[in-house]
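Structure first, then comments.
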Amino acid sequence: MTLGFTLAYLTLIVLIPLAGLVWRSASLGWGGMWHVATDPRTLNALKISFGTSFVAALVNVVFGVIVAWVLVRYRFPGRRIIDAVVDLPFALPTAVAGIALTALYSKNGWIGKWLDPLGIKVAFTPIGITIALIFIGLPFVVRTVQPVMEEIRKEVEEAAATLGATRFQTITRVLLPGLTPAILTGFALAFARAVGEYGSVIFIAGNLPYISEIAPLLIVIRLEEFDYTGATAIAAIMLIISFTMLFVINLIQAWSRRRYGYAT
Amino acid sequence: MKHSRFSLSLAAALFAATVSFQSLSAAHADTTLLNVSYDPTRELYKDYNAAFAAKWKADTGETLTIQTSHGGSGAQARSVIDGLDADVVTLALESDISAIVKATKKINPDWRTKYPHNSAPYTSTIVFLVRKGNPKGIKDWGDLVKDGVEVITPNPKTSGGARWNYLAAWAWAYGQYGGDEAKIKDYIGNLFQHVPVLDSGARGSTTTFAQRELGDVLLAWENEAYLASDEFGADKFDIIVPPQSILAEPPVAVVDGNVDAKGTRKVAEAYLQYLYSAEGQTIAAKHFYRPAEPKLVPADILKKLPELKLVTIDDPIFGGWAKAQPYHFGDGGTFDQIYKPKK
Amino acid sequence: MRHELPQPPEPATKAWHPATTESRTARFVLIGVALAFLGLFLLLPLISVFFEAFRKGPAAYFAAFADADALSAIRLTLLVAVIAVPLNLVFGVVAAWTIAKFEFKGKAFLTTLIDLPFSVSPVISGLVYVLLFSSHSALGPWLKSHGIEILFAVPGIVLATVFVTFPFVARELIPLMQEQGTTDEEAALSLGANGWQTFWHVTLPNIKWGLLYGVLLCNARAMGEFGAVSVVSGHIRGLTNTMPLQVEILYNEFNTVAAFAVASLLALLALVTLVLKTLLELRYGAELAANGGH
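Set out below in structure tokens:
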């Protein structure tokens, strides 16, 4: 019965609207879809979206794991505040984040004015997009890795140390492999979220076709050209990619639950 | 499943929501009119709505609430097509209203003949806003492609204003190169090589230029240029009026299908008609739109809008919106052809 | 997203064997890196919001809230959250219950569908409702002829918000419930409790903090959603503008102080959410550790 309710609500809120989208773009046929997908402008937008999201997710993996490690293992004043701050991007409206980041990184902003003399332009370039996406994605990595880190039993590390492993070896050979599924999940979540992000990116991206135009913006542009089919086709392509990625994440999780016996 | 407690609290929440929403809509009693407009007209219609509501009250005793919605001209037209209940549309481009006519038949095809001057109660043109003292010496369209000049303009695909910018540049190049299309496209292509940011709307570009201090020259609506220099201080910018520009005619129309359904035709028509009155024209001129009937406007207000050579969209160069829109801005149009990424 | 509330017990640090921690220097460097990264990427933008909001003094700041359009935006935002959050709360609990307590085929598939709104671009979330309800769709004109307005009215905004915040509660509860397993419920049932009693007296107390956290995040996102709402709102001043849309409008009107003032209210909401969550953890840390299932 609960399954019935879950499915009914899911169908009503998520499936029917998305099916409408797929149905609409299906009117294009495969040839039409392929034509939209391989249009250089679309390709570039997808490349920019996926490229910047990939870099942002990578940065988030490195720093997210460090942040999670620091939060789990060390005790220092203000730790709880820091722990809470990690969730900020979940709670802060994306448009606010976008405006704030643009104000910071444009050449008369607090950070931009130091970078500009060095010839580094952040706002209105792909770097700016990446920074906004780092902001959006960080909590996904920290919050996926943190609980798993908390469950690592210290006996394992002690055993490794007793067997003569250096601390570095213990971390890279013993701890990291156990964390890998969680890190992968965090990466994939941050990546998937970043690909679709619109509100925060739109302010800081230069929105130049082929250079800093993200795929969601291209959807909006197509809509404003009254080109519904074009817009839905790009949307459907992104939808398929997101779905595939999430499905893989959930398979990783199911797999790691069986293998390691804990949730990621 | 016995969801009694949950459904109870859910029902309570929904009830509270309904009540608060009703009180929200109760604030808008009597007649309401929805004007769906484009970005730079916010200030104009704020004043005009107050003036018209006062006049309507004096004439009929009815309290009139005028709601406005602003956004990119194309996006706004799309909202109306998708079902936004606009009584009147006041957009940047004739082709945006034509899109509504074509997609929904909610506006009669003869809308351009309903009001004087092709249903454009005010016009505007495209001018240059430059940094104080004009350090890059920008005086005419040719100067925009000089080395080291950065030009700020919104994206012609998403912004009505940007299309006028584009066409104004095109018209200049047309005269310059004697109509040689290859050379015109070269110039336009070169021009867009100088554009570092393509915002999606005219306002976004103004913010980029004025607040983010990016670029040397902003191609802007005349009214937008004056507004920016008012907002950010006249000591920061100069307005350069090029010798030739384009006559932009932002049109207005009653959305026939919607006003007939809502019974607001009378007030909607009066609302647009009043734009042509002395008061309407003066308000437009005060906001730096060029009034269609300049003789109704005090001379000291007009003085700020200098004479220049203006090319219209119906000029043979363009052949009207119905032709220019797909030719330049449609998928694969001249804009798509000239836009090459910087490598 | 899969944050679990249980924290390791505080004294654990002292019990660490030296061989299982890093050198002092390494620790300081790591803490430093983490703090610098968070400061640069998370805190600085937040501070700049408040800095801009108060740039012209508190009077200008508070004047921003006297505006009728701003007030109606605040009201609309609250209204949308009040409808969307309870809906997703009920759904989240039921869905998590289904997924965690029963075994059935296609579970990973179902979980993926629940996750989907997370990674669907907000623009697409708005677009799907436009396609569904616009006046040239099959459904739109029919609803309209029955006096029901969805698009460019409150129902459309609510729907888009429900879609975007759909997974928050469920996503929070699924791992928690999966870890707790079904033994407690089985015990209750064998002692003669019915399904509802079991849920109310056994399951709910076990998940209440996770639930609350999910609701807080769901609420924050519901109030802050921009992209999806922007597509379906119609942007009618004082009527269908939510707070994030109002921020954009004010920003576009060169009214920076007011824009950031409204933004700061949203940021404040984010902060309150985080403070509440931290307080919950502090206060119930022990209890959580006890019944967290470890």
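Protein chains in written order, with our numbering: chain B, 112 to 375; chain D, 757 to 1099; chain G, 112 to 405. Quick reminder that beta carbons are idealized off the backbone N, C-alpha and C, glycines included.
Using a 10 angstroms sphere on the CB of Q364 (chain B), the tally of other CB atoms reaches 16 or more, which defines it as buried.
Checking the DSSP bridge columns, you'll see S367 (chain B) has no partner listed. DSSP, reduced to helix, strand and coil, places L1058 (chain D) within a helical segment of the structure shown. Listed along the chain, the chain D residues whose CB falls inside 9 Å of the CB of F263 (chain G) are S825, S835, D838, G839, L840, D841. Around L790 (chain D), the beta-carbon contacts reaching into chain G at under 8 Å are I347. The straight-line gap separating the alpha-carbon atoms of A243 (chain B) and I315 (chain B) is approximately 8 Å. Annotated three-state conformation of I996 (chain D) is strand, per DSSP. Judged by DSSP in its simplified three-state form, V233 (chain B) adopts coil rather than helix or strand. Contact between the segment 789-807 of chain D and the segment 843-853 of chain D is present: three or more C-beta pairs spanning the two stretches fall below 8 Å. Looking only at G:V234, G:I259, G:L323, the smallest Cα-Cα distance to A206 (chain B) is reached by G:V234. With distances taken between CA atoms, V342 (chain G) lies nearest to G:L270 out of G:L254, G:I142, G:L270. By the criterion of at least three beta-carbon pairs nearer than 8 Å, the segment 344-359 of chain G is not in contact with the segment 295-312 of chain G. Those residues of the segment 227-249 of chain G placed with their C-beta closer than 8 Å to a C-beta in chain D are V241, F244, S245, S246, H247, ordered along the chain.
The residues A271, A276, in chain order, have a CB closer than 8 Å to that of R284 (chain B) in the same chain once the five nearest residues on each side in sequence are set aside.
DSSP places R887 (chain D) in the uninterrupted beta strand (DSSP E) bounded by 882-887. Per DSSP, reduced to three states, the secondary structure at W867 (chain D) is helical. In terms of CA proximity to A339 (chain G), G:V241 leads the group G:V241, G:V358, G:H312.
In this structure, Q1093 (chain D) and K941 (chain D) form a Cβ contact; the two beta carbons are roughly 7 Å apart against a cut-off of 8 Å. For the segment 1001-1047 of chain D, the full-length alpha helix (DSSP H) segments reaching 4 residues or more read 1012-1018, 1021-1029, 1034-1042 along the chain.
Taking each of B:V196, B:L286, B:E324, B:W141 in turn and checking the Cα distance to T340 (chain B), the smallest one comes out for B:W141. Contact residues of the segment 142-163 of chain G toward chain D are absent (C-beta to C-beta distance below 7 Å). Taking V183 (chain B) as the centre and dropping the five residues before and after it, the same chain places the C-beta of Q257, M260, E261 closer than 8 Å to its C-beta, in chain order. Taken through DSSP and simplified to helix, strand or coil, A316 (chain B) comes out as coil. Going by beta carbons, P998 (chain D) and D896 (chain D) fall inside the 8 Å limit. In the three-state reduction of the DSSP assignment, N791 (chain D) falls in the strand class. Non-local C-beta neighbours of G893 (chain D) in its own chain, meaning closer than 7 Å and more than five positions away in sequence, comprise D899, ordered along the chain. V331 (chain B) and A342 (chain B) have their C-alpha atoms some 7 Å from each other.
For the pair of segments examined, the segment 126-136 of chain B was found not to touch the segment 1069-1088 of chain D: the number of CB pairs separated by less than 8 Å stays below three. Residue pairing from DSSP leaves T389 (chain G) without any beta-bridge partner.
Taking the CA atoms as reference points, V326 (chain G) sits about 36 Å from V140 (chain G).
If you compare the alpha carbons of D:Y801, D:Y1032, D:D841, D:K811 with that of D1016 (chain D), the shortest gap goes to D:D841. Bounds of the alpha helix (DSSP H) holding K1079 (chain D) are 1077-1080. Taking 8 Å as the CB threshold, F235 (chain B) stays off the interface with chain G.
Interface annotation, R887 (chain D): not in contact with chain G, CB-CB separation never under 8 Å. Sixteen is the threshold: when 16 or more other Cβ atoms of the shown chains lie within 10 Å of the Cβ of Y1032 (chain D), as they do, the residue is buried.
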